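What follows is a single structure, written as structure tokens, with notes after it.
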Amino acid sequence: QHARGTIVGITRGTTDAHIARAAIESIAYQSMDLLKAMEADAGLPIKELRVDGGATINNHLMQFQSDILNTTVVRPKITETTALGAAYLAGLAVGYWHDIDELQQYWQKDRAFTPAMADETRTDLQKNWNRAIKAAQAWAGE
18 QHARGTIVGI TRGTTDAHIA RAAIESIAYQ SMDLLKAMEA DAGLPIKELR VDGGATINNH
78 LMQFQSDILN TTVVRPKITE TTALGAAYLA GLAVGYWHDI DELQQYWQKD RAFTPAMADE
138 TRTDLQKNWN RAIKAAQAWA GE
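Positions in the sequence shown are counted from 1; adding 17 to them yields this note's numbering.
As structure tokens, this is what we get:
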């Protein structure tokens, strides 16, 4: 019922910048958990992740997302695709566009982020994330 969170692994040397970076990287870790569940359910690997939304302008986050997933992450030129999708649906509804295939020409890639992290580093980071999740669950009494 109540929002809860933990910050684990801090030391006296931890700065505001470390905490901000961890908060940003937690977005990638949470996405990783979700995408792993999707892969398991579908029985198919995710070969490319197309992203959208305001957070995608953060190059560090996008590179880290690519690294932690070991998957190419592609950011479009227009990142606010929720609003764009609504406009496309409205255009389709009134006959401005005839079908979805006609809309594909408008999607343009801004940048692709490719994995650059060593496998051992990725594995260690994922293990630490899972340890942090277990610690948070234990703290919350779940």
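Glycine included, C-beta positions come from ideal geometry on N, C-alpha and C.
Treat the numbers as computed from the prediction; the structure is a model and nothing was measured.
Based on Cα-Cα distance, which residue from Leu142, Leu109, Arg128 and Arg29 lies nearest to Glu119?
Leu109
Quick one: what does DSSP say Ala133 is sitting in, helix, strand or coil?
coil
Nearest by alpha-carbon distance to Asn76: which of Gln121, Lys64, Glu42 and Gly102 is it?
Glu42
By a C-beta neighbour count over all protein chains shown, 10 Å radius and 16 as the cutoff for buried, is Thr23 buried or exposed?
exposed
Which residue comes first and which comes last in the alpha helix (DSSP H) that contains Arg38?
Asp33 to Ala59
Exposed or buried, Arg92, counting other C-beta atoms within 10 Å across all chains shown (16 or more means buried)?
buried
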